[in-house]
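For reference, the structure discussed in these notes is given below.
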Amino acid sequence: MLLTNGLLFFILAPMYFVFASQIQSLFLVLGFHILFSVFVSACQIEFTANPNYSGSSLMGNII
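Here the sequence shown is numbered in our numbering, starting from 732 and rising by one per residue.
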């Protein structure tokens with residue numbers, strides 16, 4: 732999970748630089764980053780813990 736969140740940070744890092752001058756937009760990007768990283772981590776745990784039901788769990792996490 733650390734590698735996944737590290738890659739996610741480097742993907743979203745340019746957005747932090749773009750919105751660095753606007754504090755409200757920066758908090759919006761931070762909120763999106765946190766919510767998306769929690770979603771990705773939960774899906775990754777579901778895939779590794781029980782791969783037989785990973786497809787149905789992915790749909791459950793999306794909804």
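Glycine residues also receive a C-beta, built at the ideal position from the N, C-alpha and C atoms.
Under the three-state DSSP convention, the category SER768 falls into: In the three-state reduction of the DSSP assignment, SER768 falls in the helix class.
Pick from PHE740, LEU734, LEU733 that is closest to HIS764, judged by C-alpha positions: Here the closest residue by C-alpha is PHE740.
Of the residues THR735, GLY762, LEU733, the one placed nearest TYR747, counting alpha carbons only: Looking at the Cα atoms, GLY762 is the closest of the given residues.
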